[in-house]
Amino acid sequence: MSTLANKIQEVFNEPGCGKNQGKSEKERKKGCTKQLTPGGAAGGCAFDGAKIALQPITDVAHLVHGPIACEGNSWDNRGAKSSGSQLYRTSFTTDINETDVVFGGEKRLYKSIKEIIEKYDPPAVFVYQTCVPAMIGDDIGAVCKTATEKLGKPVVPIYSPGFVGAKNLGNKLAGEAILDYVIGTEEPEYTTPYDINIIGEYNLSGELWQVKPLLDELGIRILACISGDAKYHEVACSHRAKAAMMVCSKAMINIARKMQERYDIPYFEGSFYGIGDMSDSLREIARLLIERGAPAELMERTEAVIAREEARAWKEIEVYKQRLAGKRVLLITGGVKSWSVVAALQEGGMEIVGTSVKKSTKEDKEKIKEIMGQDAHMIDDMTPREMYKMLKEAKADIMLSGGRSQFIALKAKMPWLDINQERHHAYAGYVGMVELVREIDKALSNPIWEQVRRPAPWDETTWEEVADAAIAKEAAELAANPELAEQKRRAQNVCNCKAIDTGTIEDAIRDHKLTTVERITEHTHAGGGCGKCAGSIASILARVSETASVTEAA
Amino acid sequence: MAKVSTSKKACTVNPLKMSQPIGGTLAFMGVEGCMPLLHGSQGCTSFGLVLFVRHFREAIPMQTTAMSEVATVLGGLENVEQAIVNISNRTKPKIIGICSTGVTETKGDDVDGFIRIIREKHPELDHVKLVYVSTPDFKDAFQDGWAKTVTQMVRDLVSAPQPGAPRRTGHVNVLPGCHLTPGDIDELREIIEAFGLTPSFLPDLSGSLDGHIPDDFTPTTLGGISLDEIAAMGSAEITIAVGEQMRVAALAMQEKTGAPSVVFDRLTGLAPNDELMALLARVSGRPVPRRYRRQRGQLVDAMLDGHFQFGGKKIAIGAEPDLLWATASWLHELGCEITAAITTTHSPLLELVPTDEVLIGDLEDLEHRAADCDLLITHAHGRQAAERLHIPLFRLGIPTFDRLGAGHVLTVGYRGSRDLIFDIGNIFIANAHEAEPDTWKIPNEASDDASASVTTH
C-alpha cells in the first residue's frame, strides 16, 4: 500500500493546482478529497473515477481485479465511443470468490491476464485494483511486472481501490498510472509541427468527432487524445506532441503538468463547450503550436475557420434564440463541465438559475461565479423535496442535470435534459452547441407538458397543489413560530463533511470570541474536511461580529 | 436432466452475474418508507444505484456508509452509526435496510453487534427499524442477496400470531422472487383479488418501482408494503412463494406463522398457472373467475397460433436460476430447443432445466455456445454478443437499460405467458429466412465443405 499512499500524497501535492498552492504545508498534507459523510454521500469511488478516465482507450483490455460488484454491476454503462476497436466494451474481471479472499487473488489475476492475452491479443492489459484485493494484500504491481515479462505485453497496474476516495481522486490515480507505465514507452511513426494532445476528453457520445473535423481541416493532428477514442500506441507516443489542451477541468491536470515537466509540452486549459470557448480553444491550440515552431500562417487559417463556423452556428441558433430567450434553466451538474455548460447556455439567450457543484473544485466554482455573476446559486446535497421546492421557487422552465436527478424533475413534470456521462447527445464544438440548443427547444416545446399537468378527472386538487400547500404550511408555521424558525435556521448544516450546523458555529464565535475562520475550525471542526465551506463560515463570522459590535455600541 | 457445471476460466468475461448486496437492496426497495444502506465504500452504492436508475428509470433511494481505507481497517462501527443517524435525520425513514459488501466482510465487521451498540446509544432512534443482512460480494449472486434479505425481513418484521388467535380469512402472503417485475406483481395481485382474497406482497416493488407519479416526494422508497402490513402477514391463511429462491423465506414464514406455504417454481406457462388457479379456487372457495377462464382460452389459442414459429427453434439463455428455469421450461414446452443455458449461481432447479448442460458462467460462455442459435435471451448486456453473432436478442431480466418499460415486462399468469409467445414469436417472424433462388440449390457433392450441404431451415 505504500506505493499507493505515496501516489495519493503526490497527487495531493499537485503544483499545477491553484487551490493547492494557496494551502499551508499542513493543509496540503491532509489532501484535497472531501471526507465522505456516511449516510449522506453520493457519487462514485476512486475505482469508478479511474475506470472512467482510462476505459475510453479502445484497444486495451481493461481487467478489474475484485469481486463481481465492481465490474459486474457497472460494465458497458459509459458512453465513450470508438472509431475502431470495441475491445474496451468487453468486460474483464477476476470476479474473486471466497477462496481467493482467504488465500489471495494473485494467481487468479495472473491466469486472467494470460487468458485475456491468449484470447483477445490486446496491445496492453490495464489491471484495476479494487478494495478487497487491496485489503488482502494482493501485490498487483508484482503480478503485472511478471506478466509483462513472461507474456511480452505491457500490463499496467492502476492503483485505484474505491475506498481511498472519490471519483476525482481516481481520475488522477489513473493519470499517474499512464504517466508511469505508458506515456513515452513507444515512438510515433512520424511527427509534424502540428501534433497536439487533448487531455481529459473522453469522447462521450462521440463529442471528439464534433471537434476533430475542424482540426483536420487546419492540418492539426491529434497525436493522442487522453483518453477518448485513443489507441494504446497513441497514448504511448503522446510525449512527442508539440502542445496540449487540457479539457476536463482538473480531472487530469497531473498528466498535463507532468508532461510539460518531463517532455516540455506546454498546455492550456480550455473547453469545447460553447461557441466562445470553442473559438478560444482553437486559437490557443494554434498559438501554442506556432510558439513551438509551426508556421505563423496557422493563425490566419484558424481565424478564418473560426469566423466561418461561428457565423454558421449563430445563424442556426438564431432560429431558436427567440423562442428560448429569457427561459430559465436550472443547472444541476457535477464539476467537470459545469462552468463550460453555463457559458454555452448563456449564448443561447437563456438565464441560469442555479448549479450544483458537488464534485467541482473551488476553482470550478470561481469560474461559474465569474461567468454567472456574484449571485451564483450553489446547490449542494439536495433532497428530492427540496429540489421540487427549488424548481418551484426558481421558476425554472427546464432542468439540466445528470441521469440520477432526472426523475425528480420529471416527476415534478418539468422539462429535463441529460448533460452527464450517460447522455446520448453530443454537445461539443460549434455543431454541439447548436445541438444542445435544439434539444432544449425540443424538450421545452414538447406537447406532453400541458397534458401531463392536467389533473385526473377524479382529483379535486392536483398533487402540485397538495405539495404547494405543504410547503406553504411549513412556511406559515415558521413565520408564526419565530422560535422554531430560529431553531431551523440554526440547524442548517454549514460544514457537510463534519456535519456542523450554523448554531454551533455562531455559539462558538460568541462564546470564545473567535475572529478568524481558522480559529473557528479549531473550535468546532467546521471547515476541517474538504474546506469548501470556508466562505460560508467567513460570512457567518462577519454577520456575528457585526451584530456583536452593534450590541456593544448600544 | 441437465449436467450442471462451473466455468473453469480464471477471468470472467462479460459478466452475467451481479452482486448479492444490490439484490438485497432491491428487496428493501419494496418496503414503504425504507432507505437501503450498503455498508461499504461509496462506489458499492453508486454502481448499484446507477444500474437500478437505468433499468427502472426511477429515482432510487440507496445510501452508503462511505467506508474509507482507514475506517475499513479500524472497523466500521462509527460509519454505520453515523450513517444511521444521518439517514434518520435527513430522510426520516421508517426502516433502514443494511446489506454488507465485500469490503466490510473481508474486514469481518460484526454489524449485528454494531446495531446492538447503536440501539443502546441512540434510544431516540427506537422508532426506526433496522434490518441487517450479510451479503459479501465475493459469494453468491443477485438472486441470493434478494432471497436472504426477504428471509431476514420475515424473521425480523413479521409478527407471530398469538396462540389461539383466529387467522384473517382470505389473507394471502406472496413472496415474489427477484425475477418478477413490478408488472408481474400487479398481475398476481389482480389475479388473487379476483378470487376475493387479499394478498400482501413482501417485497412489493409494484408500489415503489412501477413508475407512478407519487403524491408526495420522499427521499426514501415511494411505496411498497408498509411495516404494519408486513407484521400482519403473520396471521394470513396461506403463503405463496414464487421462485425456488423463495423457498427458505417461505419456510421461515411457515415457521413463524404456522400457516401452510406453497412454492411455485415458476408462473410462466400453462400448467403452472392452472395449478395457481386451482389453489386460489380452493383457498377462496370460489370458482375461477370468468376473466381467467377466457384468458386461459386465449393462451391456448396463442400456443396453437404460435407453435409454428417455435417448433425446433434453437435458443440460448443467460439468466439467473429462477428466470432461466421459467423461461427455458416455457420455451421448451412450446417446442424450442434450449441449446445453451448459462446462469449465475447454484439452485436445485438447474439440473431440471430441459437442456444438456447448465453452466455457471458468463456472457462470453453464452456467446461461444450461441453461434448457431435462432435467438439469444439475456439481459441488456447481451447486446454486444447478439450484434457480433447477428442473432436477435430478446432482453429479459435486470439490467435492461436500453429499452423502455423494463418494469412492466409481464411473464406471469396466463396473460404474461401469452404475451411472451407474441413477443418472442414476432422476433422469429421478423427474422424468418425468405426463400431465394439459391435456397434449394443442389449440393455440390465434390465439395469438401460438409456444412455447405446442410440446408438452412
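As they're listed, the protein sequences go chains A and B.
Mapping to this note's numbering: the first sequence position 3 is 3, numbers consecutive.
Mapping to this note's numbering: the second sequence position 29 is 29, numbers consecutive.
Ideal Cβ positions, reconstructed from N, Cα and C, are used throughout, including at glycine.
From a predicted model like this one, the values you see are computed outputs, not experimental measurements.
Chain-ordered chain B contacts of residue i [CB-CB under 9 Å]
i	result
W75(A)	N14, P15, H381
N97(A)	F138, K139
Proximity winner among the options, relative to residue i (alpha-carbon distances)
i	options	result
L87(A)	I113(A), V60(A), V211(A), V101(A)	V60(A)
L298(A)	P193(A), A491(A), E506(A), L345(A)	P193(A)
A147(B)	T344(B), D210(B), R294(B), E244(B)	E244(B)
I115(B)	E105(B), T101(B), L130(B)	L130(B)
I352(A)	I178(A), D48(A), D397(A)	D397(A)
L223(A)	A241(A), P213(A), E300(A), Y273(A)	A241(A)
E291(A)	G326(A), K321(A), A244(A), L330(A)	A244(A)
R155(B)	A250(B), P163(B), T343(B), F401(B)	A250(B)
A232(B)	G102(B), R294(B), L157(B)	L157(B)
V242(B)	L180(B), P437(B), I60(B), L366(B)	L180(B)
P21(B)	C11(B), C336(B), H39(B), P15(B)	H39(B)
K81(A)	E483(A), A479(A), E201(A)	E201(A)
P161(B)	G258(B), S206(B), V85(B)	G258(B)
CB contact check: residue i to chain B, cutoff 8 Å
i	result
I419(A)	no
A376(A)	Residue placement at A376(A) is poorly supported in this model, since its pLDDT is 37, which falls under 50; the coordinates still yield a value, given next. Cβ-Cβ to chain B under 8 Å: no for A376(A).
T93(A)	yes
G528(A)	no
F268(A)	no
I471(A)	no
P455(A)	no
C131(A)	yes
K81(A)	no
F163(A)	yes
N6(A)	no
S85(A)	no
M414(A)	no
L36(A)	yes
T3(A)	no
E300(A)	no
Chain-ordered neighbours of residue i on chain B, where CB pairs are closer than 8 Å
i	result
I68(A)	T12, P15, K17, M18, S19, D137, F138, A141
V125(A)	What V125(A) touches in chain B: nothing, since even the nearest Cβ is about 10 Å away.
D48(A)	G43, S46, F47
G274(A)	The contacting residues do not exist; G274(A) stays about 27 Å from chain B at best.
Under 8 Å between C-beta atoms of residue i and residue j
i	j	result
E187(B)	G23(B)	no
G397(B)	E320(B)	yes
G228(A)	N203(A)	yes
E347(A)	G276(A)	yes
C373(B)	K441(B)	no
V150(B)	A236(B)	no
K17(B)	F201(B)	no
P133(A)	F138(B)	no
I419(A)	L400(A)	yes
D339(B)	A316(B)	Note on residue identity: the sequence assigns Thr, not Asp, to residue 339(B). Going by C-beta atoms, T339(B) is nearer than 8 Å to A316(B).
Residues sharing a beta bridge with residue i, DSSP
i	result
R221(A)	D195(A)
T378(B)	R395(B)
E328(A)	The residue you asked about is not Glu; residue 328(A) is Arg in the sequence shown. R328(A) pairs with E351(A).
L37(B)	Q63(B), I98(B)
S5(B)	L359(B)
K129(B)	I95(B)
Within chain B, the residues that residue i reaches when beta carbons sit closer than 7 Å
i	result
E71(A)	P15
V101(A)	T106, F138
R108(A)	A10
R89(A)	Q384
Any chain A beta carbon closer than 8 Å to residue i
i	result
S46(B)	yes
R282(B)	no
R247(B)	no
T181(B)	no
I84(B)	yes
Contact set between residue i and chain A, taken where Cβ atoms lie within less than 7 Å
i	result
I87(B)	G39
Residue i: contacting residues in chain A (beta-carbon distance under 8 Å)
i	result
V128(B)	Residues of chain A passing the Cβ test: none, with the nearest at roughly 12 Å.
Any non-hydrogen atom of the ligand ATP within 7 Å of residue i CB
i	result
T90(A)	Ligands in the displayed structure: none, and consequently the ligand ATP is not present.
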